[in-house]
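Engineer: The sequence shown finishes on residue 132 if you use our numbering, and the numbering steps up by one all the way, no holes.
Where a beta carbon is used, it is the ideal one built from N, C-alpha and C, also for glycine.
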Amino acid sequence: MAEHVSGEFVIDEWKAEDPYDDDGGTHLGHVTLTKTFSGALVGTSEVHMIGAQNPEAGTGAYVAIERVHGDLNGRAGSFVLQHTATASPDEQSAKVTVVPGTGTNELAGLTGEFVITRHEDGSHTYTFDYEV
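#1: Could you check how far apart the C-beta atoms of T97 and E113 are, in whole angstroms? I think they sit under 8 angstroms.
#2: May I ask which residues mark the beginning and end of the beta strand (DSSP E) holding G29?
#3: At the level of alpha carbons, what is the spacing between V5 and T36?
#4: Report the option in A52, F79 and G29 whose CA atom is closest to the CA atom of H69.
#5: On the three-pair Cβ rule with 8 angstroms, is the segment 43-63 touching the segment 84-91?
#6: What would DSSP say about L81, mapped onto helix, strand or coil?
#7: Using the beta-carbon count (16 or more within 10 Å), is V47 buried or exposed?
#8: Pop quiz: G7 and L41 are said to be a contact at Cβ under 8 angstroms. What is the actual Cβ separation, rounded to whole angstroms?
#9: If I'm right that E131 touches A2 with Cβ under 8 angstroms, what's the distance once you round it to whole angstroms?
#10: Going along the chain, which unbroken runs of the alpha helix (DSSP H) with 4 or more residues stay wholly within the segment 49-119?
#11: Find the nearest neighbour of K15 within the set T34, G25, A57 and G24, judged by alpha-carbon distance.
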């Protein structure tokens, strides 16, 4: 049976490298960040993100892999999230899913979709629909 949970996270550290490609006004770069989660998921993560951004056009996209270590509704372990997102002046889309087979310990067999909301004040919340 699927569970639906929610909570918050903070970005503890954001390390952006200089763009490794800057052709035609589109910047390609790598960012590493760490997060701390609260709510139904209590733990930390490290994210490795590769992005493309064209500031003049107001467009961008990123892909990322995030390993989460923590406690999900009383179950301890870790798992990996895969992020894909695109943005234009007219619309934004993002999808964050659990990579199959990456759950460890009490989270072995975890599947699900993670939805991130960034609020106007810069804070972040999440909802997580999952099964173990």
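Structural biologist: With the given structure in hand:
#1: Here residue 97 refers to the residue found at position 97 when the sequence shown is read from its first residue. Here residue 113 refers to the residue found at position 113 when the sequence shown is read from its first residue. Yes, they are in contact, since the Cβ atoms of T97 and E113 sit about 5 angstroms apart, within 8 angstroms.
#2: By one-based count along the sequence shown, residue 29 stands at place 29. That run of the beta strand (DSSP E) goes H27 to G39.
#3: Counted from its first residue, the sequence shown places residue 5 at position 5. Counted from its first residue, the sequence shown places residue 36 at position 36. C-alpha separation (whole angstroms): 16 angstroms.
#4: Residue numbering aside, residue 69 sits at position 69 when the sequence shown is read from its first letter. Per the Cα distances, F79.
#5: yes
#6: Your numbering for residue 81 matches position 81 in the sequence shown. Strand at L81.
#7: Along the sequence shown, read from residue 1 onward, the residue named residue 47 stands at position 47. Buried is the call here.
#8: In the sequence shown, the residue the question calls residue 7 occupies position 7. In the sequence shown, the residue the question calls residue 41 occupies position 41. Between L41 and G7 the Cβ distance is about 6 angstroms, and since that is below 8 angstroms, they are a contact.
#9: Position 131 of the sequence shown holds residue 131. Position 2 of the sequence shown holds residue 2. Between A2 and E131 the Cβ distance is about 5 angstroms, and since that is below 8 angstroms, they are a contact.
#10: none
#11: As a working note, residue 15 is residue 15 in the sequence shown. When only C-alpha atoms are compared, the closest one is T34.
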